[in-house]
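Position 279 of the sequence shown, counted from 1, bears residue number 279 in this note's numbering, the numbering being contiguous throughout.
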Amino acid sequence: MTITEVLQYVDRLVKKQTGEHLDDLQKTVIQGLWQGKTYNQIADECGYDKNYVGDVSRKLFKILSEQLNEDINKSNFSWTLERVINSPHFVGVNTNITYCPFYPTADRNQPINKEEEITKNTRYHDLTLAPKIAHFCDRTLDLQTLSHWLTTQNPRLISVLGLSGIGKTALVKHFVDLNLQQFDVVIWKSIKLSQSLDTIITEIFALINPEPIQTDNKLTQLFNLLRQQRCLIILDDVQELFTSGLAGQYKTEYKDYKTFFTMMTEIEHQSTLILIAQEQCQEMLCLDEELYPVKCLELEGLNNTEILKNMGLKDEESWSTMLNLYEGNPVYLKSIANLIKNIFMGKVSEFLSEGGLILTEDIKYNFNELFDRLSPSEQQIVLELSKYNQAVSREDLRLALSLSSMDLINGLQSLQKRYLIKTIKGEKVGFNLFPVFREYVITCRQN
């Protein structure tokens with residue numbers, strides 16, 4: 001557990017009781033206490049009198065004691081907080097928790113219709129379909145962004161987007177693991193396994209209330225729940241709803257999701273829907289943050305070689321080169337690391353001496369699926385861009401391709417929504433492919 005995670009938890013407890021977030025001195029005190037420092041040491045670091053630091057600490061202990069219903073003091077601060085945060089009491093599938101000392105249930109101002117009422121003191125967490133994350137790569141800033149949005153802004157719809165393997169699902173799952181008790185209801189669903197919206201809503205109510213749904217309009221019933229309880233619903237693999245062709249276009253049988261996503265942003269409630277996807281649709285865009293509480297987090301590759309540890313690799317001084325070559329994509333890196341371990345005896349420098357990008361069959365398979373989803377105009381654009389190392393302007397693409405202006409512009413926008421091309425700003429806006437995808441196109445798709 002990191003000090004950042006501890007600060008996030010304590011901040012929410014303090015905010016719940018006082019209405020204020022931690023100030024800088026309180027954060028410094030918490031960090032010092034967590035590291036086992038004395039009041040004198042903390043006072044020297046922050047330039048305050050040790051007695052004042054002691055007063056600040058005791059006020060924090062009082063708040064934490066009341067929020068956690070435990071006696072917390074300087075001697076037991078660290079281990080008590082770690083025990084509470086990591087308590088398995090709050091983690092489970094289909095688990096009913098009647099009392100949550102760490103995160104009290106969110107306030108509800110609206111009256112509850114008796115036939116809609118769900119027991120307020122009960123929590124429902126269904127993570128059956130959520131993956132288990134054995135090792136979370138360093139995405140501190142992305143994690144902080146998610147935490148900030150959900151603790152201070154309460155957006156109704158959040159999209160976490162990026163290429164396959166970039167770490168979207170791992171990031172959201174790690175956030176859920178750290179913040180499970182902040183929500184009355186947490187539901188994780190994969191569109192790959194359950195594509196019907198009607199089925200997903202039915203499964204949600206089967207978890208919360210085994211009694212039959214009282215109204216024919218399941219969406220109405222669902223939004224009653226989203227108003228009464230603070231819910232976090234995660235839908236993974238949302239790109240499975242979209243048809244081949246231009247990005248973000250719904251298959252005919254799944255257009256009810258478009259209505260649902262729009263309603264999530266327009267109807268007043270206290271819950272959040274997180275969408276995890278490889279491509280962007282219109283409902284994920286935020287046109288006006290005040291009118292439409294929508295957020296979009298687009299993940300880029302990792303820039304820390306920590307992910308390569310414990311993979312059996314040698315030549316650590318070459319890891320950064322390997323990381324950059326494969327754009328910091330965790331799935332690419334794991335696949336290449338396995339290749340290096342088996343064929344090059346773990347010697348990264350020897351692998352790099354081969355020169356250029358090497359694509360494993362796993363990487364090719366992922367790109368095969370992605371390329372086959374592209375529209376004809378997108379495929380033409382990609383094949384043309386793969387011929388160049390440098391960015392190509394829209395005008396040059398128009399001269400090289402027999403595409404209408406509309407098809408070219410829509411194709412470029414769609415490729416952006418799939419995170420396959422980079423936009424380079426200069427005197428003229430240019431476009432080029434991300435290197436690994438470009439190598440795939442050259443190797444596997446050019447005749």
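Just so it is clear, CB atoms sit at the ideal spot from N, CA and C, and this is done for glycine as well.
Model, not experiment: these values are computed from the prediction.
- Pairwise C-beta distances place the region 141–150 out of contact with the region 198–209, as fewer than three of them are shorter than 8 Å.
- The Cβ neighbour count for T2, taken over all protein chains shown within 10 Å, is under 16; the residue is labelled exposed.
- T423 is bridged by DSSP to F431.
- Sorting G245, V238, N179, T252 by C-alpha distance to the C-alpha of F261 places V238 at the top.
- Take I166, set aside five residues on each side of it, and the residues of its chain with a beta-carbon closer than 6 Å to its own are L299, N329, in chain order.
- Straight-line measurement puts the Cα of M322 at about 22 Å from the Cα of L171.
- Contiguous alpha helix (DSSP H) elements confined to the region 258–333 occur at 319–325, taking only those with 4 or more residues.
- Judged by DSSP in its simplified three-state form, R12 adopts helix.
- For F183 against C231, the beta-carbon gap comes to about 6 Å, under 8 Å, which counts as contact.
- Of I63, E266, C46, V441, the smallest CA-CA separation from T18 is found for I63.
- Here N303 has G328 as same chain residues with Cβ atoms under 7 Å from its own Cβ, once five neighbours each way along the sequence are excluded.
- Looking at G301, L193, D71, L401, the one whose alpha-carbon comes closest to that of A130 is L193.
- When rounded, the separation of the alpha-carbon atoms in Q144 and L178 is 12 Å.
- Scanning its chain for C-beta atoms nearer than 6 Å, with the 5 sequence neighbours on each side dropped, one finds around F344 the residues E350, F351, in chain order.
- The region 304–322 makes no contact with the region 276–284, as fewer than three CB pairs between them are under 8 Å.
- According to the DSSP assignment, S377 belongs to no beta strand (DSSP E) but to the alpha helix (DSSP H) extending over 376–385.
- For R438 against S386, the beta-carbon gap comes to about 5 Å, under 8 Å, which counts as contact.
- Taking the C-beta atoms as reference points, D126 is found no nearer than 8 Å to T169.
- With distances taken between CA atoms, F77 lies nearest to T38 out of T38, E45, L157, D362.
- In the three-state DSSP reduction, R394 falls in the helix class (H, G or I).
- Three or more Cβ pairs closer than 8 Å define a contact, and the region 396–410 meets that threshold against the region 374–384.
- Going by DSSP, D184 is part of no beta strand (DSSP E) at all; its letter is neither H nor E.
- If you compare the alpha carbons of C296, C281, E427, C444 with that of L415, the shortest gap goes to C281.
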